[in-house]
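Enquirer:
Residue numbers (our numbering): 1 to 491.
1) What's the gap between the Cα of residue 49 and the Cα of residue 149?
2) Mapping the DSSP letters down to three states, classify residue 218 as helix, strand or coil.
3) Tell me the rounded alpha-carbon separation between residue 335 and residue 341.
4) Would you kindly work out how many angstroms separate the C-alpha atoms of residue 206 and residue 138, rounded to a whole number?
5) In terms of residue numbering, what span does the alpha helix (DSSP H) encompassing residue 253 cover?
6) With distances taken from CA atoms, which of 83, 180, 360 and 114 is nearest residue 347?
7) Tell me the DSSP bridge mates of residue 425?
8) Who are the Cβ neighbours of residue 216 in its own chain at under 6 Å, not counting the five residues just before and after it?
9) Which of helix, strand or coil does DSSP assign to residue 486?
10) Excluding the five sequence neighbours on either side, which residues of its own chain have a C-beta within less than 8 Å of the C-beta of residue 396, listed in chain order?
11) Does DSSP put residue 332 in a helix, in a strand, or in coil?
12) Is there contact between the segment 353-368 and the segment 156-173, where contact requires at least three CB pairs shorter than 8 Å?
13) Given a cut-off of 8 Å on the beta-carbon distance, is the pair residue 116 and residue 330 in contact?
14) What number of angstroms, rounded off, separates the C-alpha of residue 440 from the C-alpha of residue 449?
15) Suppose the cutoff is 7 Å on Cβ atoms and the five residues either side in sequence are ignored; what does the same chain contact list for residue 338 look like?
16) Go ahead and pull the three-state DSSP assignment for residue 84.
17) Classify residue 214: buried if its beta carbon has 16 or more other beta carbons within 10 angstroms, exposed otherwise.
18) Can you name, in chain order, every residue of its own chain whose Cβ lies under 8 Å from the Cβ of residue 238, other than the five neighbours on each side?
19) How long is the line joining the alpha carbons of residue 479 and residue 473, rounded to whole angstroms?
20) Do you know how far the Cα of residue 291 is from the Cα of residue 75?
21) From residue 387 to residue 416, what does the alpha carbon distance come to, in whole angstroms?
22) Under the rule that 16 or more other beta-carbon atoms within 10 Å means buried, what is residue 470, buried or exposed?
23) Please report the straight-line C-alpha distance between residue 465 and residue 228, rounded to a whole angstrom.
24) So the beta strand (DSSP E) residue 178 belongs to, where does it begin and stop?
25) In terms of DSSP beta bridges, what is residue 153 paired with?
26) Could you please give the first and the last residue of the uninterrupted beta strand (DSSP E) stretch that includes residue 117?
27) Suppose you measure from the CA of residue 191 to the CA of residue 136; what does that come to, to the nearest Å?
28) Might you give, ordered along the chain, the residues of its own chain that have their beta carbon closer than 8 Å to the beta carbon of residue 477, omitting 5 neighbours on each side?
29) I need the DSSP call for residue 391, collapsed to helix, strand or coil.
30) Can you tell me where the beta strand (DSSP E) with residue 288 in it begins and where it stops?
31) Given a cut-off of 8 Å on the beta-carbon distance, is the pair residue 180 and residue 194 in contact?
32) Compare the beta carbon distance of residue 333 and residue 393 with 8 Å and say whether it is the shorter of the two.
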């Protein structure tokens, strides 16, 4: 069976969906316009009283996907996804930061394919993590926000991830065990298809958030219990996310650097996170798992820079903004004996994570059915670069006003092509800059809203000079603007 889907350039393309993704479509996954999906959307929009967090949401069983041929004696590679939480793309040793030292991540970078032009489409925790799980844009998986509308219980959102073609669910059909640790907003870990996990309620305060801060022992136990089986590890500690309360030794390392207390605590928490990564890598090495384990590193979104006098969630040009301080992230891929330690200038999206890990697992047939692209061929040297020259993204209000209709909460759309980046605010952003939409102070927009915004990132990497009023750039704005409008229209 063939299904028509939209490609990265907004052009219609045909693709064979693997059985696992087709099954997810039939179960009315978000982003598909079947009558069943519309009925479910209407049902979830019906206002219901809040109730206690439920267990795993029901999900249809998936058939086994077609796998690429592999010699029977070759064991499938293990997969580890390391996700930093609220960290600016500049704040790593290997990215050249003058003060922040990240020796463990730097060592990983030294033996990895390094993509320093990485981006997340949506720079907000929950939406970004859902994209990392599904390989879908937020408007497809429908988890576009951190909080549901007022009056809705948190578990009213869980069916979105339960119906999606989530990475752990796909890997399980190929014999993988999977372990969720750290940040996971979607209720019980089984909602995303994890076979094992720490989070049963979701968001802040759950036991899953103790990983990296209190102990790494749950990971050690999972690795020991998984002996003989391929595994996928989701390591998403709430680091260096607030609270910035690291042990004193990390604070002392920045005591004489002339920093304000907030920045000192943030930098110290990065060091704390890096040490947890070192412990994780040592666990793999001690169990002789390193050589058969592929590791991918990424950040969910940028640092939530404090903004004095503001009740809004985040600061200007940081988390939940369309600027690189919120969107940009380095992406590292290491698979011993396969990937080459090399810098790449390709434009990379977090949508590429799922197809990359599926490709490594031998499920490239499934990977090719996704919006993102596998980074494996470029990382191994089989291809010189990715076959695209642009990436897209979108932002939304922190707190949704209506479930299942992301369009009404969209605040910005953006495109990067080469060194050019264009940001287009929406009317929602302009309105919420004056009065927070829905009356929620977390929806207040403090980023600039009088666009368009055009930046030359080669000469202005921190987006300090808006070139939109330069008459010589009118052609660039027109081209990028039309590409962005077509992407939004045809998605």
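From the three backbone atoms N, C-alpha and C, an ideal C-beta is built for every residue, glycine too. Owing to the predicted nature of the structure, the values given are computational and were not obtained by experimental measurement.
Expert: Answer, in terms of the structure:
1) Because residue 49 carries a pLDDT of 37, less than 50, the predicted location of this residue cannot be relied on, and the following value inherits that uncertainty. The alpha-carbon atoms of residue 49 and residue 149 are separated by roughly 12 Å.
2) helix
3) 10 Å
4) 24 Å
5) From DSSP, residue 253 is part of no alpha helix (DSSP H); its letter is neither H nor E.
6) 114
7) 412
8) 279
9) helix
10) 122, 124, 127, 138, 144, 145, 406, 409, 410 and 411
11) strand
12) yes
13) yes
14) Spanning the alpha carbons of residue 440 and residue 449 requires a straight line of approximately 18 Å.
15) 380
16) Secondary structure at residue 84: strand, using DSSP grouped into helix, strand and coil.
17) That one is exposed.
18) 85, 182, 183, 204, 209, 212 and 213
19) 10 Å
20) Taking the straight line joining both Cα atoms gives about 12 Å.
21) 15 Å
22) exposed
23) 55 Å
24) 177-182
25) Looking at the DSSP assignment, residue 153 forms no beta bridge with any residue, so it has no partner.
26) Residue 117 -> beta strand (DSSP E) spans 113-119.
27) 16 Å
28) 422, 452, 454 and 468
29) Here residue 391 sits in strand by DSSP.
30) Element bounds for residue 288: n/a, residue is neither H nor E.
31) yes
32) Contact: no.
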